[in-house]
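Note that the sequence shown covers residues 855 to 1034 in the working numbering.
A short worksheet on the structure shown next.
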Amino acid sequence: MFASGYGRNYSTDEEEIQAVEHRGPHDPENPAETWWPTTLDFEAAAGAHGGRARGVASMDDMIQLIQRQRGLSEVRLFTHGARYEIQFGRGGNLTRESRLPDVSAHFSSGGRIIFYACNAGYDATFFQALANQLRVSVCGFSRGVRWSIEWDPARRVITSRGLHGRALPSPSICSDPEPR
């Protein structure tokens, strides 16, 4: 799964590459001119790592998609995150105050949700709260997730985008639901 609704910030591939090369990802000196991934990047990462990639605009969309499945071993969501927050392109961000249903009946034993979202796992209490509500393990990252863009200068086009490296990075934090 990937977060939909994050529009592209650039008119051309060349503009996007210039933002990456000259300003670098997450440049605190130029926040308005910073490159960061959009739905295009999230979709590419989701599609490159197994299964059919589906876009979700909100946590409600993600829950509905999970509830239409059975025997899930792993659900991956590629999106933006922040401390104590999973972000979606059209709002409805997931926070510690969010109320979520038990989705454990849709997962196999040991099933889990991995949020490929920067900094969302900064504090284990956030993922613990999500795991306790969803009743499945919740995993993610306490720091940033590295993105990659490949550029063909001869054709002046982006030829590949997604997560840095061939293999998905292993989550830095996982929380299992606590017994009721």
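Here a beta-carbon is modelled for each residue, glycine too, at the ideal position from N, C-alpha and C.
For Val874, the CB contacts under 7 Å within the same chain, skipping 5 residues up- and downstream, are Trp889, Ile1003 in chain order. Where Leu926 is concerned, there is no enclosing alpha helix (DSSP H), although the beta strand (DSSP E) around it starts and stops at 926 to 932. With a contact defined as Cβ atoms closer than 8 Å, Phe856 and Ala936 miss out at about 17 Å. Shortest Cα-Cα distance from Asp867 to any of Pro1023, Trp1005, Asp1030, Leu1017 involves Trp1005. Bounds of the beta strand (DSSP E) holding Phe961 are 961 to 970. Following the DSSP letters along the chain, one finds Leu894 inside the alpha helix (DSSP H) bounded by residues 893 to 902. Taken atom to atom, the span from the alpha-carbon of Val910 to that of Ala978 is near 25 Å. Cβ-Cβ distances below 7 Å link Ser865 to nothing in the same chain once the five nearest sequence neighbours on each side are left out. The C-beta distance from His960 to Arg930 rounds to 15 Å, too long to fall under 8 Å, and the pair is not in contact. Ranked by how close their Cα comes to the Cα of Phe981, the residues Val992, Cys972, Asn973 have Val992 in first place. Using a Cβ distance threshold of 8 Å, Gly994 and Ile968 count as a contacting pair. Take the alpha-carbon of Ala898 and the one of Pro1033: they are about 37 Å apart.
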